[in-house]
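Just below is one structure, and these are the notes that go with it.
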Amino acid sequence: MSKQSKRREALLYHAKPRPGKIEVVPTKSYSTQRDLSLAYSPGVAEPCLEIEKNVDNVYKYTNKGNLVAVISNGTAVLGLGNIGPEASKPVMEGKGLLFKIFADIDVFDIEIDTENIDAFIATVKNIAPTFGGINLEDIKAPEAFEIEKRLKEELNIPVMHDDQHGTAIISAAALLNALEISGKNIEDVKIVISGAGAAAVSCTRLYKSFGAKDENIVMLDSKGVIRKDRENLSEEKAEFASHRKIDTLEEAMVDADVFVGLSVKDIVTPQMLLNMASNPIVFAMANPDPEIEYDLAIKTRKDIIMATGRSDHPNQVNNVLGFPFIFRGALDVRATKINEAMKMAAVKALADLAKEPVPEQVNIAYGETKLAFGRDYIIPKPFDPRLIAAVPPAVAKAAMESGVATSAITDWEKYQDALYERMGSDNKIIRLLLNRARLAPKRIVFAEADHLDVLKAAQIVFEEGIGIPVLLGRKEIILELMEQIDFEADLEIIDPKNDENADKLQHYAQKLWEKRRRSGISLYTAQKLMTERNYFAGMMLSEGDVDCMISGYARSYPSVVVPVFETVGRFEGVTKVATTNVMLTKRGPLFISDTSINIDPTAKELAKIAQMTNYTMKMFGLDPVIAMISYANFGSSKDPHATKVREAVDLLHKSNPDMVVDGELQTDFALNAELLQKKFPFSKLAGKKVNALIFPNLDSANSNYKLLKELNGVESIGPIMLGMRKPVHILQLGASVEEIVNMSAVAVVDAQQKEKRAREQAKA
1 MSKQSKRREA LLYHAKPRPG KIEVVPTKSY STQRDLSLAY SPGVAEPCLE IEKNVDNVYK
61 YTNKGNLVAV ISNGTAVLGL GNIGPEASKP VMEGKGLLFK IFADIDVFDI EIDTENIDAF
121 IATVKNIAPT FGGINLEDIK APEAFEIEKR LKEELNIPVM HDDQHGTAII SAAALLNALE
181 ISGKNIEDVK IVISGAGAAA VSCTRLYKSF GAKDENIVML DSKGVIRKDR ENLSEEKAEF
241 ASHRKIDTLE EAMVDADVFV GLSVKDIVTP QMLLNMASNP IVFAMANPDP EIEYDLAIKT
301 RKDIIMATGR SDHPNQVNNV LGFPFIFRGA LDVRATKINE AMKMAAVKAL ADLAKEPVPE
361 QVNIAYGETK LAFGRDYIIP KPFDPRLIAA VPPAVAKAAM ESGVATSAIT DWEKYQDALY
421 ERMGSDNKII RLLLNRARLA PKRIVFAEAD HLDVLKAAQI VFEEGIGIPV LLGRKEIILE
481 LMEQIDFEAD LEIIDPKNDE NADKLQHYAQ KLWEKRRRSG ISLYTAQKLM TERNYFAGMM
541 LSEGDVDCMI SGYARSYPSV VVPVFETVGR FEGVTKVATT NVMLTKRGPL FISDTSINID
601 PTAKELAKIA QMTNYTMKMF GLDPVIAMIS YANFGSSKDP HATKVREAVD LLHKSNPDMV
661 VDGELQTDFA LNAELLQKKF PFSKLAGKKV NALIFPNLDS ANSNYKLLKE LNGVESIGPI
721 MLGMRKPVHI LQLGASVEEI VNMSAVAVVD AQQKEKRARE QAKA
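Residue numbering for the sequence shown follows full-length UniProt numbering, beginning at 1 and increasing consecutively.
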């Protein structure tokens with residue numbers, strides 16, 4: 001994508017379909033006049049009076065306890081510098097988005113139009129009663145130090161400047177683990193800090209809290225080593241001035257154990273690395289380009305422990321591991337500040353989490369066989385679902401123990417359950433899916449590439465590294481559309497009806513005829529069918545010329561299903577293909593099967609659909625908990641429609657005793673864990689959160705998933721084909737660009753999984 005095209009895409013993202021990235025959503029009913037009279041006048045007077053009596057009641061009757069202000073004056077925005085408060089607003093909204101999706105914290109972003117320290121502080125103090133916490137952002141140094149220091153002293157709610165402390169907390173966790181791996185003590189190691197801004201100063205202070213010695217630290221700014229004999233040093237730089245008579249980074253790196261880079265790209269040379277001590281620890285965190293390239297660093301020193309700020313290398317130092325969870329813990333005990341003890345607790349929680357066995361969901365997301373504590377895994381991954389239950393409790397406990405908590409948590413197990421429940425609305429599964437696809441992109445044939453939305457999706461798939469598109473359709477139209485959307489890529493474009501593809505068409509026709517000549521298809525018929533794009537694309541997939549296939553955007557589902565059945569076929573041992581849709585609900589991902597193919601499956605077919613759904617859910621990194629749905633509960637009806645579901649469950653309990661599946665169950669009992677536990681404590685689902693529903697027929701499954709989608713605005717991935725020999729996935733008619741991209745990622749991951757299964761079978 002050209003620079004101009006990227007610029008246009010970014011602007012459209014922020015402008016459409018409505019400007020900005022966050023909104024205010026009501027949390028109470030407002031449908032009747034009675035509701036409105038309670039929400040506002042006259043009912044609202046009652047909580048107002050209660051708060052007047054006791055100001056702490058503001059946490060009981062308002063959202064203050066879950067509301068953080070992200071505040072900036074726009075003086076140090078990303079790498080853009082002093083661009084002003086209005087220009088900083090998109091970044092502050094983005095920060096708010098991260099707070100919400102990682103820790104379920106609501107945010108108002110506040111942009112203040114002043115560079116005067118006193119005026120800034122006065123503004124924040126005046127609006128502080130609204131908020132449970134203050135996150136300062138993108139304020140230039142040295143003003144940032146004084147602003148944070150004074151606000152922490154003068155306010156009774158948590159205040160943190162994430163630019164300072166976020167990187168410090170994450171890198172400190174990484175440093176503790178790296179030192180453990182290298183067999184070194186923090187009290188003894190020689191540390192070089194490249195950079196002297198807010199983040200560098202905060203990092204160094206936190207390292208000292210864990211035992212790093214002043215005499216072992218050398219800090220550099222743009223002028224070189226910060227020495228005690230240098231004049232006109234700021235208070236912060238003077239704090240870390242070295243007594244050593246050295247001037248350059250090259251000199252500082254000799255025999256150094258640790259390098260922490262918060263400066264500019266390419267300032268560390270291979271020779272500097274070679275001059276470091278054994279098992280050197282190098283955190284090159286300049287973004288997007290580190291102080292030394294990762295590949296060059298690990299090539300230079302085999303014993304290096306390396307971290308960067310980038311997601312495409314091991315050990316990413318990413319602030320999102322810290323600030324959402326630190327504020328979550330602070331808010332949940334109504335802490336009056338974020339103190340050193342709380343930051344250190346967050347460091348230890350992150351460091352400890354990296355030593356625990358990694359959930360399969362995380363391994364799958366990052367395409368790893370088994371992530372394990374070591375040189376390439378010293379800090380948790382941002383997609384690790386355990387972060388929400390690891391860091392906030394540690395921070396909350398530290399707040400309570402250090403005396404800054406004004407509310408206590410007594411049931412820590414219940415608190416952890418509540419934290420996990422908060423994340424039910426977060427659609428991490430899409431990010432996991434896209435991330436995993438990027439690790440091993442596959443060739444995807446888009447059978448309807450001469451439609452604009454399909455081509456837009458193919459462009460995203462290509463530019464995001466999700467897959468390698470093969471574009472099927474009328475070539476002149478595809479080229480014209482590519483020019484319109486600035487899609488510049490040397491991709492294969494195939495028109496089955498064009499004479500230049502005649503040899504390929506004949507080859508595929510011959511193969512199809514050989515496959516289906518005993519099913520009434522003549523060679524002539526096969527040749528004719530090959531001019532239809534879904535037959536052509538299906539044979540491309542069947543013959544291994546592509547790895548996966550996407551179709552269905554502009555044609556009815558049955559008109560696409562038949563060609564792929566005849567060309568690609570079912571997986572060995574599968575008698576019935578089915579589909580499932582992943583519904584991204586507020587309670588978390590919910591799989592619904594069979595949504596598109598089997599009109600009235602038998603008990604055996606229902607059992608097979610459940611087995612295939614179980615397998616697919618594991619492909620997504622989830623632990624399946626499956627309810628077999630009926631209008632009846634556990635034998636309450638003898639009607640054949642209910643008994644077939646019961647029979648399917650019996651078959652599954654015998655053939656797959658390890659599967660967590662049960663029924664027959666009504667939908668409300670399946671989804672209401674408390675109700676299920678109370679009425680049916682004997683069920684295999686009791687005490688568990690159901691994340692898959694197998695419906696007894698196509699009517700119920702299809703209607704329910706579409707009802708969820710349209711009435712509740714629930715995002716859906718699917719229908720995902722289950723039981724096909726090769727990865728082919730059929731879109732709903734008129735699918736959106738986003739849906740096509742998501743289904744493309746599903747196809748790629750499906751291809752990866754089928755490759756893995758084939759390798760395992762070959763070994764066996």
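No residue lacks a Cβ here, since even glycine has one placed at the ideal position from N, Cα and C.
Close beta carbons around residue i, own chain, < 6 Å, minus the five adjacent residues each side
i      : result
Pro727 : Cys548, Ala747, Asp750, Ala751
Asn82  : Thr75
Glu647 : Ala603
Ala537 : Val445, Ala447, Leu472, Met549
Gln527 : Ala509
Leu155 : Ala128
Val70  : Met92, Lys95, Gly96, Val107, Asp109, Asn135, Glu137
Helix, strand or coil at residue i according to DSSP, with G and I counted as helix
i           : result
Asp426      : Here Asp426 scores only 45 on pLDDT, less than 50, and its place in the model should not be relied on; the value that follows carries that caveat. Three-state result, Asp426: coil.
His451      : coil
Lys726      : coil
Thr269      : coil
Ile378      : coil
Asn581      : strand
residue 796 : The requested residue 796 does not occur in the structure, where the chain is confined to residues 1 to 764.
Asn279      : coil
Pro469      : strand
Ala310      : Residue 310 is actually Arg in this sequence, not Ala. Coil at Arg310, not helix or strand.
His161      : strand
Gln666      : coil
Glu401      : helix
Gly166      : helix
residue 852 : Beyond the ends of the chain as shown, which are 1 and 764, falls residue 852; an answer cannot be given.
Ser72       : strand
Met659      : coil
Gly183      : coil
Leu220      : strand
residue 779 : A question about residue 779 goes unanswered here, because the residues of the chain that appear run from 1 up to 764.
Distance between residue j and residue i (C-alpha atoms, nearest Å)
i      : j      : result
Ile720 : Tyr557 : 13 Å
Leu97  : Ala87  : 17 Å
Asp221 : Ala200 : 10 Å
Tyr30  : Ser716 : 27 Å
Ser425 : Leu622 : The pLDDT assigned to Ser425 is 42, lower than 50, so where the model puts this residue is not dependable, and the model offers no usable value.
Val395 : Leu206 : 16 Å
Ile609 : Leu698 : 12 Å
Gly309 : Gln164 : 15 Å
Phe145 : Glu421 : 36 Å
Val660 : Met344 : 40 Å
Phe131 : Ile157 : 8 Å
Distance between beta carbons of residue j and residue i, contact taken as under 8 Å
i      : j      : result
Leu722 : Thr613 : 7 Å
Ala389 : Met400 : Wrong, their Cβ atoms sit about 17 Å apart, outside the cutoff.
Ile281 : Ser182 : 7 Å
Tyr553 : Val445 : With 8 Å as the limit, Tyr553 and Val445 do not qualify as a contact, their Cβ atoms being about 13 Å apart.
Ala252 : Ile246 : 6 Å
Phe373 : Ala354 : 6 Å
Contacts around residue i, its chain only, beta-carbon distance under 7 Å, and the 5 residues preceding and following it disregarded
i      : result
Val714 : Met583, Leu584, Thr585, Leu708
Glu93  : Gly20, Lys21, Ile22, Asp109
Contact set for residue i: own chain, Cβ-Cβ below 8 Å, skip 5 residues either direction
i      : result
Phe571 : Gly723, Met724, Arg725
Ser203 : According to the sequence displayed, residue 203 carries Cys and not Ser. Correct list, in chain order: Thr167, Ala168, Ser171, Ala172, Ile193, Val260, Leu262.
Val264 : Ala286, Glu291
His243 : Glu215, Arg227, Lys228
Arg757 : none
Thr616 : Thr580, Phe591, Ile720, Leu722
Closer than 7 Å: residue i CB and nearest the ligand ADP heavy atom
i      : result
Asp750 : The ligand ADP is absent from the structure shown, which contains no ligands of any kind.
Could you tell me whether the stretch 240-260 touches the stretch 185-196, where touching means 3 or more Cβ pairs closer than 8 Å?
-> yes
Is the number of C-beta pairs between the stretch 432-444 and the stretch 588-602 that are closer than 8 Å three or more?
-> no
Between the stretch 513-529 and the stretch 492-499, do three or more beta carbon pairs fall short of 8 Å?
-> no
Would you say the stretch 332-341 touches the stretch 400-410, given that touching needs at least three Cβ pairs under 8 Å?
-> yes
Should the stretch 310-329 be regarded as contacting the stretch 140-153, the criterion being three or more beta carbon pairs within less than 8 Å?
-> no
Between the stretch 616-631 and the stretch 679-695, do at least 3 Cβ pairs fall closer than 8 Å?
-> yes
Do the stretch 294-305 and the stretch 263-279 make contact, defined as three or more Cβ pairs closer than 8 Å?
-> yes
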